[in-house]
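Residue 4 is where the sequence shown starts when you use the numbering used here, and the numbers rise one by one after that.
Virtual Cβ for every residue (Gly too), placed ideally from N, Cα, C.
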Amino acid sequence: MKLGRCPICKSQLYLQQLIEDDAGREVMATLAKLDKHFGRQLMEYIALFRPEKSDLSLSRAAKLISEVLALTHNHDALREAVYQTVSSIKTKRLEGSNAQPLKNHNYLKQVLNTVSDGFNRGLKPEVKGNVEIKAQGRPESAAENKRKFEEQMAKFKGDRHVS
């Protein structure tokens, strides 16, 4: 089945060719299970491993994808870490430094540790466009939040007594 043209190289793209290869089938099956934004980010990350003068084999891509997904079960933290890693490395490459392909996941692991700390504390960063909004302070319990709300409402109403 002819899918059309590759958006990058403009050559003919056939679904049959992709699924004939075991590694290609594995890559497609894995990506199909992920949401489209995470899948796209993950493929951008995997592309950072591509050698400058050759293609990245599908078997290598499949291995890299499985290694990344095995880093943590927290896909929200992993998604954020992959996004930050890709953004950082692309920025550095645009500035002209470190254009070498990645050899391992060490940088991603460092970013994941930092991001996971925020997720574990309940301070999940919110990303809107290119702006990242981070929560400040410590998370409040429901009871503490309710008490503060009642205090504010009492001040608003002019009543200084809070039960």
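Within 8 Å, strictly: CB atoms of residue i and residue j
i: Y48; j: V71; result: yes
i: L67; j: L115; result: no
i: L59; j: K112; result: no
i: H78; j: F52; result: no
i: Q44; j: V89; result: yes
i: L61; j: A102; result: no
Own chain, CB closer than 8 Å to residue i, minus 5 neighbours either side, in chain order
i: I22; result: R28 and M31
i: P54; result: P104
i: E147; result: none
Sheet register partners of residue i (DSSP bridge)
i: Q15; result: R8
Contact set for residue i: own chain, Cβ-Cβ below 7 Å, skip 5 residues either direction
i: F159; result: none
i: V165; result: At V165 the pLDDT is 49, less than 50, meaning the model places this residue with poor confidence; the figure from the coordinates comes in the next sentence. Excluding positions up to five away in sequence, the list reads E153, E154 and A157.
i: A84; result: L111, V114, L115 and V118
Contacts around residue i, its chain only, beta-carbon distance under 6 Å, and the 5 residues preceding and following it disregarded
i: A64; result: V30 and I49
| field | Secondary structure, alpha helix (DSSP H): runs of 4+ residues fully inside the stretch 16-77 | value | Scanning the stretch 16-77 from its first residue to its last, the whole alpha helix (DSSP H) runs of 4-plus residues come out as 18-23, 25-36, 39-50 and 61-72.
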